[in-house]
Amino acid sequence: MLISLVALEKRPAVVLTALLVLAAFTLAGFGTALAIKPEKKFKGQIVISKKRFPSRFKSDRQFIRHMKKVNTHKLTAEGDEDWKFEYMAFLPERIATLKAAVTYYDITNPGQKKYINNFAFYPSDRKDKIVAGHAELSNDKFEANRKYLMVFSRGYGQTPLAKTKFVLKRKGGKKKESGVVDFTADGKEKKKAKERKEAKERKEAKERKEAKERKEAKEKAKE
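Okay, so the sequence shown: first residue is 1 according to full-length UniProt numbering, each after it adds one.
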């Protein structure tokens with residue numbers, strides 16, 4: 001050690017350079033060690049996005065930045081459309097199953113949690129800690145201006161692994177049947193056109209069926 005120190009004392013410029021390089025590598029390693037992984041940053045959370053997630057990210061930093069940007073807690077549907085969205089669940093541990101569950105509860109009223117629906121989720125690998133999927137919430141089960149809790153678990157009723165809350169909104173309102181029959185000339189013509197189309201479809205279906213039966217009979221005769 002003494003020899004090294006003496007040698008360094010004779011070359012101060014080299015010493016300074018060496019120390020700077022060493023410090024740079026030390027800080028780089030320290031920074032890498034402290035870099036937060038997406039699965040830790042969003043641990044136990046479900047990120048909801050209105051758009052599809054990218055197939056890959058250049059770095060964990062970009063991954064985290066994108067998740068923060070797209071994450072939403074409000075979904076809006078237009079007219080009679082269902083609520084559609086993409087989601088990514090960040091689990092605290094491996095999924096360890098090939099059939100999980102996504103459960104929804106209505107939590108609009110404080111202190112109350114009403115079960116709404118449950119969907120099966122099929123992971124591609126038992127070792128996964130980050131899973132992504134697509135969801136469609138139908139009008140017959142979910143309502144606008146209500147708040148919901150979304151839970152990801154290994155099965156319905158089991159310990160939640162990730163969750164999020166969101167509110168559903170509707171733009172334009174649902175279209176309702178007026179109950180009015182259109183007796184105008186234009187209305188009658190539309191009705192006739194519809195009937196002609198349906199009749200044509202029935203005829204084509206019948207012809208396809210008959211052709212299939214003839215073909216099967218012909219093949220049977222050859223046997």
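For each residue, glycine too, the CB sits at the ideal point set by N, CA and C.
So, is residue i buried or exposed, given that buried needs 16 or more other C-beta atoms within 10 angstroms?
i: Ser-153; result: buried
i: Tyr-115; result: exposed
i: Leu-98; result: exposed
i: residue 229; result: The question about residue 229 has no answer, for the chain in this structure spans 1 to 223.
i: Ala-162; result: buried
i: Thr-159; result: exposed
i: Pro-38; result: buried
i: Ile-95; result: buried
i: Ile-36; result: exposed
i: Ala-205; result: exposed
i: Ala-211; result: exposed
Return the bridge partner residues of residue i from the DSSP annotation.
i: Arg-170; result: Ala-77
i: Tyr-115; result: Tyr-105
i: Glu-86; result: Ser-49 and His-134
i: Tyr-122; result: Partner(s): none; Tyr-122 has no beta bridge.
i: Ala-100; result: Phe-121
i: Lys-147; result: Val-167
i: Pro-160; result: Ser-153
Within this structure, are the beta carbons of residue i and residue j separated by less than 8 Å?
i: Ile-48; j: Thr-72; result: yes
i: Lys-74; j: Val-167; result: yes
i: residue 252; j: Ala-77; result: Since the first residue shown for the chain is 1 and the last is 223, residue 252 is missing from the structure and cannot be characterised.
i: Phe-53; j: Met-88; result: yes
i: Phe-85; j: Ala-135; result: yes
i: Tyr-156; j: Asn-118; result: yes
i: Ile-64; j: Lys-43; result: no
i: Leu-137; j: Tyr-105; result: no
i: Asn-145; j: Asp-82; result: no
i: Gly-79; j: Gly-172; result: yes
Under DSSP, the alpha helix (DSSP H) around residue i begins and ends at which residues?
i: Phe-63; result: 60-70
i: Lys-40; result: 38-41
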